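Student: When you line the sequence shown up against the working numbering, it's residues 45 to 452, in that order. Below is one structure. I have some questions about it.
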Amino acid sequence: MYDCIIIGAGAAGLFAALSASDMDKRVLILEKNSIPGKKIRITGKGRCNITNSCSFDELIENIPGNGKFLYSSLSRFSNYDIIDTFNSLGLDTVVERGNRVFPASDKAIDVVNVLVKELKRRNVEIRYNSCVDKIVYENDCVKGVYVEGQFIETKNVIVATGGLSYPGTGSTGDGYKFAIEAGHTIIPVKPSLVPLVSSDKWIKDLQGLSLRNIRLSLMNKDGCFYSDFGEMLFTHNGISGPLVLTASRHYISQKYKEVTASIDLKPALDEEKLDLRLLRDFEKYSRKQLKNAFNDLLPAKMIPVFVNRLEIDDIRTVNQITSSERKQILSLLKDFRINIINHSKMAEAVVTSGGVSTKEINPKTMESKIKKGLFFAGEVIDVDGYTGGFNLTIAFSTGYLAGKSLNQ
Numbered sequence: 045m046y047d048c049i050i051i052g053a054g055a056a057g058l059f060a061a062l063s064a065s066d067m068d069k070r071v072l073i074l075e076k077n078s079i080p081g082k083k084i085r086i087t088g089k090g091r092c093n094i095t096n097s098c099s100f101d102e103l104i105e106n107i108p109g110n111g112k113f114l115y116s117s118l119s120r121f122s123n124y125d126i127i128d129t130f131n132s133l134g135l136d137t138v139v140e141r142g143n144r145v146f147p148a149s150d151k152a153i154d155v156v157n158v159l160v161k162e163l164k165r166r167n168v169e170i171r172y173n174s175c176v177d178k179i180v181y182e183n184d185c186v187k188g189v190y191v192e193g194q195f196i197e198t199k200n201v202i203v204a205t206g207g208l209s210y211p212g213t214g215s216t217g218d219g220y221k222f223a224i225e226a227g228h229t230i231i232p233v234k235p236s237l238v239p240l241v242s243s244d245k246w247i248k249d250l251q252g253l254s255l256r257n258i259r260l261s262l263m264n265k266d267g268c269f270y271s272d273f274g275e276m277l278f279t280h281n282g283i284s285g286p287l288v289l290t291a292s293r294h295y296i297s298q299k300y301k302e303v304t305a306s307i308d309l310k311p312a313l314d315e316e317k318l319d320l321r322l323l324r325d326f327e328k329y330s331r332k333q334l335k336n337a338f339n340d341l342l343p344a345k346m347i348p349v350f351v352n353r354l355e356i357d358d359i360r361t362v363n364q365i366t367s368s369e370r371k372q373i374l375s376l377l378k379d380f381r382i383n384i385i386n387h388s389k390m391a392e393a394v395v396t397s398g399g400v401s402t403k404e405i406n407p408k409t410m411e412s413k414i415k416k417g418l419f420f421a422g423e424v425i426d427v428d429g430y431t432g433g434f435n436l437t438i439a440f441s442t443g444y445l446a447g448k449s450l451n452q
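Here's what the structure looks like:
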């Protein structure tokens, strides 16, 4: 008999095994993929943003999806504990802009490898290509699991199956099925951090262009409902990048499909200072055609689209531009608008919101309030954070707490 069976060898599952095996427990991980940490390997564009080194209060603020539920978990095992754990396992880390923590090697696979290596050292058994059919209970207590018809006995099961984001990594909602069978409520699952889709035909001309140090605002019929500063990326059919992914959570939670995204391309300069800058550039390029006058202001790829949207003849020389036309240019630099009509599909979401209701989980142990010996960890729970290492922090912390809270 195993002391604990963990369903899923992702971020939450691996950390649950780490903490459970720390107490000399006999632990088995059942993973339906042929490799561990499949989603970890692709996070952060293959670099893996492990956590965020911000303060505790900032950590909670950056987890808009039931962040307060995690007070106990993050108090027991914080973002700094995550960093210390990886460092102790031989993985050096670096802190980058926005307090984002990455492996010094810049390789997400190294995160998986150090965890699996340590679990092997502790004799944790990992079975791959193993799909759990059902969890078995007796008198509302966990008795074991069925794996492809074979019964395996245990008193504790940790469901760490992930949500519905990146289904290609195996996150296909299995955990919700186990939770429902146990009598749990599932809060409707939606994409949380996801690219936004535009109806503008010119958007494809900017595909692959990244903009840094810009301000993005989202506006609906009721006014501005999101505004922040950072980095974004144009895609083949819309916008993405860290700033947009965070904005998408606000987009999904409001009632309008069609909204306007406004980009302030020069947020460090107010209109008066930007006008002076524009005048200096116009003086410098006075004999150039208008389309050649923005080399110091905008990325080369953006200039044709920008000039085309001005509806000013781009072959006119700069010294022919009127004062009112200059104001028009100024306005577009401060308010470059994009029509948003939808968000991308669930399959493109970085993380999902919704999941097992936090009201039915003990926040001090991650144990079910309905079935003794049943635990939940990671994205399967109705908790989610912004981009910047916050969702992996949730997975590592809840996994650790679940592993530490096993029934004897």
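Don't be surprised by glycine CBs; every beta carbon is placed ideally from N, CA and C. Remember, predicted model here, so these are calculated numbers, not experimental data.
1. With a floor of 4 residues, list each alpha helix (DSSP H) that falls wholly inside the stretch 304–329, ordered by position along the chain.
2. Is the shortest distance between the beta-carbon of residue 334 and the beta-carbons of chain B less than 9 Å?
3. Among all the DSSP beta bridges, which residues are the ones paired with residue 272?
4. Please state the DSSP three-state secondary structure of residue 195.
5. I believe residue 322 touches residue 258 by the beta-carbon criterion, under 8 Å. Please report the beta-carbon distance rounded to the nearest angstrom.
6. Of the residues 446, 431, 310 and 104, which one's Cα is nearest the Cα of residue 144?
7. Could you name the residues of the same chain whose beta carbon sits closer than 8 Å to that of residue 414, not counting the 5 residues immediately before and after it, in chain order?
8. Looking only at its own chain, which residues have a Cβ that is under 6 Å from the Cβ of residue 319, when we skip the five neighbours before and after it?
9. Go ahead and label residue 124 buried or exposed: buried means 16 or more other beta carbons lie within 10 angstroms of its beta carbon, across all protein chains shown.
10. Would you decide whether residue 110 is buried or exposed? Buried here means 16 or more other CB atoms lie within 10 Å of its CB.
11. Can you tell me which residues form a DSSP beta bridge with residue 383?
12. Keeping to the same chain, check which residues put their C-beta closer than 8 Å to that of residue 127; ignore five residues upstream and five downstream.
13. Just reading off the beta strand (DSSP E) that residue 209 is part of, what are its end residues?
14. Inspect the CB distances between the stretch 388–406 and the stretch 244–263 and report whether three or more fall short of 8 Å.
15. Express the C-alpha separation of residue 190 and residue 45 in angstroms, rounding to a whole number.
16. Kindly provide the ranges of any beta strand (DSSP E) runs that are 3 or more residues long and lie completely inside the stretch 326–411, ordered along the chain.
17. Among 105, 152, 365 and 170, which has the Cα closest to the Cα of residue 73?
18. For residue 326, which option in 58, 360 and 254 has the closest C-alpha, if you only look at C-alpha atoms?
19. For residue 131, which of helix, strand or coil comes out of DSSP?
20. Pick out the complete alpha helix (DSSP H) segments inside the stretch 124–178, 4 residues or longer, and give them in chain order.
21. Is there contact between the stretch 279–286 and the stretch 410–426, where contact requires at least three CB pairs shorter than 8 Å?
22. How would you label residue 175, buried or exposed, when you count the other beta carbons within 10 angstroms and need 16 or more for buried?
23. Could you check how far apart the C-beta atoms of residue 85 and residue 156 are, in whole angstroms? I think they sit under 8 Å.
24. What is the DSSP secondary structure of residue 286, reduced to helix, strand or coil?
25. Touch check for the stretch 200–208 and the stretch 48–65: three-plus C-beta pairs under 8 Å?
26. Could I get the ranges of all uninterrupted alpha helix (DSSP H) runs contained in the stretch 68–114, with 4 residues as the minimum, in chain order?
27. Please confirm whether residue 429 and residue 106 have their CB atoms less than 9 Å apart.
28. What residue does the alpha helix (DSSP H) around residue 121 start on, and which one ends it?
29. Could you please give the first and the last residue of the uninterrupted beta strand (DSSP E) stretch that includes residue 224?
30. I need the straight-line Cα distance from residue 51 to residue 270, nearest angstrom please.
31. For residue 293, count neighbouring C-beta atoms within 10 Å of its own C-beta (all shown protein chains included) and say buried if the count is 16 or more, exposed if not.
32. Within its chain, find whatever has a CB closer than 6 Å to the CB of residue 446; leave out the 5 residues flanking it on each side and keep chain order.
33. Taking residue 240 as the reference, give the member of 276, 219, 173 and 216 with the closest Cα.
34. Among 297, 68, 346 and 442, which residue has its Cα nearest to the Cα of residue 307?
35. Exposed or buried, which one is residue 92 when buried takes at least 16 other CB atoms within 10 Å?
Tutor: In short, the structure shows the following:
1. 315–328
2. The question asks about chain B, but that chain is absent: this structure has only one protein chain.
3. 260
4. strand
5. In fact, because the Cβ distance is near 17 Å, the residues do not count as touching under 8 Å.
6. 431
7. 184, 226, 227, 228 and 404
8. 374
9. exposed
10. buried
11. 304
12. 94, 95, 97, 137 and 145
13. Neither: residue 209 is in no beta strand (DSSP E) and is coded neither H nor E.
14. no
15. 13 Å
16. 380–387 and 395–400
17. 170
18. 360
19. helix
20. 152–165
21. no
22. exposed
23. 6 Å
24. helix
25. yes
26. 100–105
27. yes
28. Here residue 121 belongs to no alpha helix (DSSP H), and DSSP marks it neither H nor E.
29. Note, residue 224: premise wrong, no beta strand (DSSP E); alpha helix (DSSP H) at 218–225.
30. 37 Å
31. buried
32. 60, 202, 410, 419 and 421
33. 276
34. 346
35. buried
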